[in-house]
Amino acid sequence: VEGLQLAWDTGFRRVRVELDSLCVVQLLGNLDESDHQQAAIIQRFKELLTHQWEVVVSHIFREGNKCADHLASRGHLLPLGYHFIPCSDPTLCIFHYVRLSGAL
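Take 1 as the starting number for the sequence shown in full-length UniProt numbering and just add one per residue.
Structural data, given as structure tokens:
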């Protein structure tokens, strides 16, 4: 949710959210999440989707998500909070990928 909010706040208007949890992708597609233990987070995510932008949420296999794997391996060593992680390898960094290719 924080990443999606950050994308909105920084002006991205075409965003692809790739999740390696099919369960979460399905939860986001459900109409009623009120009985789920993470209902507040799911509701906030859905509220962000109502902004005037294009957001595509899809499932991706963990093996195909090099960017997330790279960020997770570096990020778990950091304290809680927002961090900018510079990336020298554009194949691992989604921001480089978006900026260089213009792809969604």
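Just so it is clear, CB atoms sit at the ideal spot from N, CA and C, and this is done for glycine as well.
| Query | Result |
| --- | --- |
| Beta-ladder partner(s) of V56, from DSSP | R16 |
| Nearest neighbour of C22, chosen from V57, G75, G81 [CA to CA] | Residue 22 is actually Leu in this sequence, not Cys. The shortest Cα separation from L22 among V57, G75, G81 belongs to V57. |
| Sequence-distant residues of the same chain with beta carbon closer than 6 angstroms to R62, five excluded per side | D20 |
| Through-space distance from Q38 to R44, alpha-carbon basis | 10 angstroms |
| V1 - DSSP class collapsed to helix/strand/coil | coil |
| Proximity to I60 [Cα-Cα], best of Q52, V25, L80 | V25 |
| Straight-line gap, G75 to N65 (C-alpha atoms, nearest Å) | 15 angstroms |
| Segment limits, alpha helix (DSSP H) that includes G29 | 22-29 |
| Nearest residue (CA-CA) to E54, options E2, D9, V15 | V15 |
| R13 to L77 span [Cα, whole Å] | 30 angstroms |
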